[in-house]
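>
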Amino acid sequence: MSDLDQPTPDDHTAAVVFRDGVPVSRHFDDPYYALNNGAAESAHVFIAGNDLPHRFYDGFQIAELGFGTGLNLLVTLMAWDQSGLEGRFDYTSFEAFPMTAADMTNALSHVAIPKILSQALIGAVAQGQTEFSLGPADVTIVLGDARATLPEWTGCADAWYLDGFAPARNPELWQEDLLREVAAHTTPGGSFATYTAAGVVRRALSEAGFDVKRQTGFGRKRHMTTGTLR
1 MSDLDQPTPD DHTAAVVFRD GVPVSRHFDD PYYALNNGAA ESAHVFIAGN DLPHRFYDGF
61 QIAELGFGTG LNLLVTLMAW DQSGLEGRFD YTSFEAFPMT AADMTNALSH VAIPKILSQA
121 LIGAVAQGQT EFSLGPADVT IVLGDARATL PEWTGCADAW YLDGFAPARN PELWQEDLLR
181 EVAAHTTPGG SFATYTAAGV VRRALSEAGF DVKRQTGFGR KRHMTTGTLR
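Those letters in the sequence shown? Residues 1 to 230, by my numbering.
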(Lines of atoms letter the chains of each structure in order from A; the text may use other names.)
(Lines give C-alpha, C1' and ligand atoms only; values in the text may rest on other atoms or scores of the structure.)
Protein backbone atom coordinates (compact mmCIF):
# COMPACT_ATOMS: atom_id res chain seq x y z
CA MET A 1 0.00 0.00 0.00
CA SER A 2 1.49 3.38 -1.01
CA ASP A 3 1.35 6.43 1.23
CA LEU A 4 -1.44 7.80 -0.96
CA ASP A 5 -3.52 4.67 -0.41
CA GLN A 6 -3.45 4.98 3.37
CA PRO A 7 -6.82 5.75 4.97
CA THR A 8 -7.29 9.36 6.00
CA PRO A 9 -7.21 10.07 9.72
CA ASP A 10 -10.44 12.06 9.62
CA ASP A 11 -12.90 12.73 6.84
CA HIS A 12 -12.76 16.42 7.72
CA THR A 13 -9.01 16.78 8.26
CA ALA A 14 -6.31 17.05 5.62
CA ALA A 15 -4.44 13.79 5.02
CA VAL A 16 -0.84 14.79 4.35
CA VAL A 17 2.38 13.02 3.46
CA PHE A 18 5.77 14.73 3.09
CA ARG A 19 8.05 14.17 0.13
CA ASP A 20 11.47 15.79 0.42
CA GLY A 21 9.96 18.16 2.97
CA VAL A 22 7.05 19.22 0.75
CA PRO A 23 3.51 18.47 1.98
CA VAL A 24 1.39 16.46 -0.47
CA SER A 25 -2.34 15.93 -0.11
CA ARG A 26 -3.38 12.30 0.00
CA HIS A 27 -6.90 13.34 -0.95
CA PHE A 28 -5.74 14.89 -4.22
CA ASP A 29 -2.18 13.55 -4.75
CA ASP A 30 -0.95 17.11 -5.28
CA PRO A 31 1.63 19.24 -3.42
CA TYR A 32 0.49 22.21 -1.36
CA TYR A 33 3.16 24.48 -2.77
CA ALA A 34 6.03 24.61 -5.25
CA LEU A 35 8.74 22.03 -4.68
CA ASN A 36 11.55 24.57 -4.95
CA ASN A 37 10.29 27.72 -3.17
CA GLY A 38 6.74 27.84 -1.84
CA ALA A 39 6.93 31.34 -0.37
CA ALA A 40 8.29 32.83 -3.60
CA GLU A 41 5.57 31.05 -5.56
CA SER A 42 2.87 32.48 -3.29
CA ALA A 43 4.30 35.98 -3.63
CA HIS A 44 4.51 35.69 -7.41
CA VAL A 45 1.06 34.22 -7.98
CA PHE A 46 -1.16 35.77 -5.33
CA ILE A 47 0.57 38.98 -4.23
CA ALA A 48 1.93 40.19 -7.57
CA GLY A 49 -0.94 38.52 -9.45
CA ASN A 50 -3.43 40.72 -7.59
CA ASP A 51 -1.22 43.81 -7.98
CA LEU A 52 -0.44 43.88 -4.28
CA PRO A 53 0.73 45.54 -2.13
CA HIS A 54 -0.04 48.58 -4.33
CA ARG A 55 -3.80 48.14 -3.91
CA PHE A 56 -3.78 47.64 -0.15
CA TYR A 57 -5.81 50.06 1.97
CA ASP A 58 -7.11 50.02 5.54
CA GLY A 59 -10.02 47.55 5.49
CA PHE A 60 -8.85 45.66 2.38
CA GLN A 61 -10.58 42.28 2.04
CA ILE A 62 -8.94 39.12 0.74
CA ALA A 63 -10.76 35.83 0.18
CA GLU A 64 -9.24 32.49 -0.64
CA LEU A 65 -10.31 29.07 -1.85
CA GLY A 66 -8.06 26.59 -0.05
CA PHE A 67 -6.31 27.65 3.18
CA GLY A 68 -3.94 24.68 3.14
CA THR A 69 -0.75 25.36 5.09
CA GLY A 70 -1.66 29.02 5.68
CA LEU A 71 1.36 30.03 3.59
CA ASN A 72 -0.56 32.56 1.48
CA LEU A 73 -1.78 34.32 4.62
CA LEU A 74 1.74 34.55 6.01
CA VAL A 75 3.17 35.85 2.74
CA THR A 76 0.37 38.44 2.66
CA LEU A 77 1.28 39.55 6.18
CA MET A 78 4.87 40.01 5.04
CA ALA A 79 3.74 42.06 2.03
CA TRP A 80 1.51 44.23 4.22
CA ASP A 81 4.40 44.85 6.62
CA GLN A 82 6.75 45.73 3.77
CA SER A 83 4.20 48.21 2.39
CA GLY A 84 4.38 50.29 5.58
CA LEU A 85 0.61 50.76 5.49
CA GLU A 86 -1.24 51.43 8.74
CA GLY A 87 -4.56 49.77 9.53
CA ARG A 88 -5.92 46.27 9.15
CA PHE A 89 -7.17 43.83 6.51
CA ASP A 90 -9.67 40.96 6.47
CA TYR A 91 -8.63 37.51 5.32
CA THR A 92 -11.35 34.91 4.76
CA SER A 93 -10.41 31.43 3.59
CA PHE A 94 -12.66 28.54 2.62
CA GLU A 95 -11.24 25.13 3.51
CA ALA A 96 -12.86 21.69 3.36
CA PHE A 97 -9.93 19.72 4.80
CA PRO A 98 -8.05 21.76 7.43
CA MET A 99 -4.49 20.76 8.15
CA THR A 100 -3.53 19.68 11.66
CA ALA A 101 -1.21 21.89 13.68
CA ALA A 102 1.45 19.17 13.59
CA ASP A 103 1.38 18.91 9.79
CA MET A 104 1.31 22.70 9.47
CA THR A 105 4.37 22.95 11.70
CA ASN A 106 6.23 20.51 9.47
CA ALA A 107 5.06 22.18 6.26
CA LEU A 108 5.97 25.73 7.31
CA SER A 109 9.39 24.69 8.60
CA HIS A 110 10.48 24.23 4.98
CA VAL A 111 9.56 27.68 3.65
CA ALA A 112 11.16 31.10 4.03
CA ILE A 113 8.75 32.59 6.56
CA PRO A 114 9.70 34.33 9.83
CA LYS A 115 9.22 31.86 12.67
CA ILE A 116 7.31 34.39 14.75
CA LEU A 117 4.59 34.50 12.08
CA SER A 118 4.33 30.77 11.49
CA GLN A 119 4.29 30.03 15.23
CA ALA A 120 1.45 32.49 15.81
CA LEU A 121 -0.63 30.84 13.09
CA ILE A 122 0.15 27.33 14.29
CA GLY A 123 -0.81 28.35 17.83
CA ALA A 124 -4.25 29.49 16.66
CA VAL A 125 -4.75 26.30 14.63
CA ALA A 126 -3.66 24.13 17.57
CA GLN A 127 -6.36 25.77 19.68
CA GLY A 128 -9.00 25.05 17.06
CA GLN A 129 -9.59 28.73 16.33
CA THR A 130 -11.29 29.62 13.06
CA GLU A 131 -11.57 33.35 13.82
CA PHE A 132 -8.51 35.14 15.14
CA SER A 133 -6.25 38.15 14.68
CA LEU A 134 -2.72 37.74 13.40
CA GLY A 135 -0.86 41.04 13.34
CA PRO A 136 -2.89 43.42 11.15
CA ALA A 137 -5.02 40.57 9.74
CA ASP A 138 -8.47 39.60 10.97
CA VAL A 139 -8.64 35.97 9.87
CA THR A 140 -11.69 33.77 9.32
CA ILE A 141 -11.37 30.17 8.18
CA VAL A 142 -14.70 28.90 6.89
CA LEU A 143 -14.76 25.13 7.24
CA GLY A 144 -16.67 22.92 4.83
CA ASP A 145 -17.28 22.54 1.11
CA ALA A 146 -16.98 25.99 -0.51
CA ARG A 147 -19.82 25.08 -2.86
CA ALA A 148 -22.09 25.22 0.18
CA THR A 149 -20.35 27.81 2.35
CA LEU A 150 -19.41 30.53 -0.16
CA PRO A 151 -23.00 31.28 -1.24
CA GLU A 152 -23.81 31.94 2.43
CA TRP A 153 -20.88 34.32 2.93
CA THR A 154 -21.92 37.97 3.34
CA GLY A 155 -18.51 39.40 2.52
CA CYS A 156 -17.07 40.81 -0.70
CA ALA A 157 -13.39 40.51 -1.58
CA ASP A 158 -11.12 43.09 -3.15
CA ALA A 159 -8.78 40.24 -4.12
CA TRP A 160 -9.26 36.48 -4.45
CA TYR A 161 -6.61 33.80 -4.08
CA LEU A 162 -7.88 30.80 -6.04
CA ASP A 163 -5.61 28.12 -4.61
CA GLY A 164 -7.41 24.81 -4.86
CA PHE A 165 -5.47 21.76 -5.96
CA ALA A 166 -5.00 21.16 -9.69
CA PRO A 167 -8.29 21.29 -11.62
CA ALA A 168 -7.80 17.73 -12.90
CA ARG A 169 -7.47 16.45 -9.31
CA ASN A 170 -9.77 18.84 -7.43
CA PRO A 171 -12.48 19.81 -9.95
CA GLU A 172 -14.91 20.78 -7.19
CA LEU A 173 -13.14 24.11 -6.57
CA TRP A 174 -13.14 25.03 -10.26
CA GLN A 175 -16.76 24.41 -11.18
CA GLU A 176 -18.62 27.11 -13.09
CA ASP A 177 -21.23 27.59 -10.37
CA LEU A 178 -18.58 28.16 -7.70
CA LEU A 179 -16.60 30.59 -9.85
CA ARG A 180 -19.80 32.55 -10.44
CA GLU A 181 -20.11 32.77 -6.66
CA VAL A 182 -16.54 34.07 -6.55
CA ALA A 183 -17.52 36.83 -8.97
CA ALA A 184 -20.68 37.58 -6.98
CA HIS A 185 -18.53 38.03 -3.87
CA THR A 186 -16.02 40.39 -5.50
CA THR A 187 -16.03 44.17 -5.19
CA PRO A 188 -16.39 46.23 -8.41
CA GLY A 189 -12.98 46.21 -10.04
CA GLY A 190 -11.82 43.48 -7.67
CA SER A 191 -9.34 40.87 -8.81
CA PHE A 192 -8.37 37.23 -8.67
CA ALA A 193 -5.15 35.31 -9.23
CA THR A 194 -4.47 31.62 -9.58
CA TYR A 195 -1.53 29.41 -10.49
CA THR A 196 -3.56 27.44 -13.06
CA ALA A 197 -3.86 28.39 -16.70
CA ALA A 198 -6.26 25.58 -17.61
CA GLY A 199 -8.52 26.64 -20.46
CA VAL A 200 -11.68 25.40 -18.75
CA VAL A 201 -10.91 27.57 -15.70
CA ARG A 202 -10.12 30.66 -17.75
CA ARG A 203 -13.33 30.28 -19.73
CA ALA A 204 -15.42 29.78 -16.59
CA LEU A 205 -13.94 32.86 -14.95
CA SER A 206 -14.53 34.92 -18.08
CA GLU A 207 -18.14 33.78 -18.25
CA ALA A 208 -18.50 34.60 -14.55
CA GLY A 209 -17.69 38.24 -15.31
CA PHE A 210 -13.92 38.66 -15.11
CA ASP A 211 -11.58 40.11 -17.71
CA VAL A 212 -9.10 37.25 -17.75
CA LYS A 213 -5.39 37.42 -18.58
CA ARG A 214 -2.79 34.71 -18.96
CA GLN A 215 0.43 35.70 -17.20
CA THR A 216 3.90 34.27 -16.76
CA GLY A 217 3.86 31.49 -14.19
CA PHE A 218 6.28 30.74 -11.41
CA GLY A 219 9.42 28.68 -11.90
CA ARG A 220 8.92 25.88 -14.40
CA LYS A 221 5.23 26.69 -14.80
CA ARG A 222 4.89 28.65 -18.02
CA HIS A 223 1.59 30.37 -17.32
CA MET A 224 -0.84 31.42 -14.61
CA THR A 225 -4.10 33.41 -14.70
CA THR A 226 -5.25 36.74 -13.31
CA GLY A 227 -8.35 38.82 -13.83
CA THR A 228 -10.41 41.83 -12.86
CA LEU A 229 -14.18 41.93 -12.40
CA ARG A 230 -15.84 43.74 -15.26
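A virtual CB, placed ideally from N, CA and C, is assigned to each residue, including glycine.
Flag this pair as yes or no: are the beta carbons of residue 56 and residue 85 separated by less than 8 Å?
Yes, they are a contact pair.
> How long is the line joining the alpha carbons of residue 224 and residue 216, rounded to whole angstroms?
Roughly 6 Å separates the two Cα atoms.
> For a minimum of 4 consecutive residues, which ranges assigned as the alpha helix (DSSP H) are wholly contained in the stretch 54-119?
71-83 and 101-108
> Just list the beta strand (DSSP E) runs in the stretch 131-200, keeping only unbroken ones of 3 residues or longer that don't cross its boundaries, in chain order.
131-134, 137-143, 157-162 and 186-194
> Per DSSP, what kind of secondary structure is residue 5 in: helix, strand or coil?
Reliability fails at residue 5, whose pLDDT of 35 lies under 50, so the model's placement of it is uncertain and the value that follows must be treated cautiously. If DSSP states are grouped into helix, strand and coil, residue 5 belongs with the helices.
> Counting Cβ pairs, one atom from each stretch, are 3 or more of them under 8 Å apart for the stretch 139-151 and the stretch 40-55?
no
> Got a sec? Which residues, its chain only, sit under 7 Å from residue 181 by beta carbon, not counting five neighbours each side?
150 and 151
> Looking only at its own chain, which residues have a Cβ that is under 6 Å from the Cβ of residue 226, when we skip the five neighbours before and after it?
49, 193, 213 and 215
> Is the beta carbon of residue 44 closer than 8 Å to that of residue 97?
Judged by beta-carbon spacing, residue 44 lies beyond the 8 Å limit of residue 97, meaning their Cβ atoms are not closer than that value.
> Alpha helix (DSSP H) containing residue 38: first to last residue?
38-42
> Taking the C-alpha atoms as reference points, what is the distance between residue 15 and residue 133?
When only Cα atoms are considered, residue 15 and residue 133 end up about 26 Å apart.
> Which of the three DSSP states is assigned to residue 229 in this structure?
When secondary structure is reduced to three states using DSSP, residue 229 falls in the strand class.
> With residue 179 and residue 208 assumed to form a contact (beta carbons below 8 Å), what rounded beta-carbon distance in angstroms separates them?
Taking a contact as a CB-CB distance under 8 Å, the pair residue 179 and residue 208 counts as one, their CB atoms being some 5 Å apart.
> Evaluate the contact criterion for the stretch 101-117 versus the stretch 64-71: three or more CB pairs, one atom per stretch, below 8 Å.
yes
> Can you check whether the CB of residue 155 is closer than 8 Å to the CB of residue 65?
no
> For residue 281 versus residue 58, is the C-beta distance shorter than 8 Å?
Outside the modelled stretch of the chain, which goes from 1 to 230, sits residue 281, for which no answer is possible.
> Going by the CB atoms, is the gap between residue 47 and residue 79 shorter than 8 Å?
yes
> Are residue 229 and residue 186 touching if we call contact CB-CB under 8 Å?
yes
> Can you tell me which residues form a DSSP beta bridge with residue 210?
According to DSSP, which records beta bridges pairwise, residue 210 is partnered with 229.
> Which value, in whole angstroms, describes the spacing of the CA atoms of residue 143 and residue 112?
Going from the Cα of residue 143 to the Cα of residue 112 covers about 27 Å.
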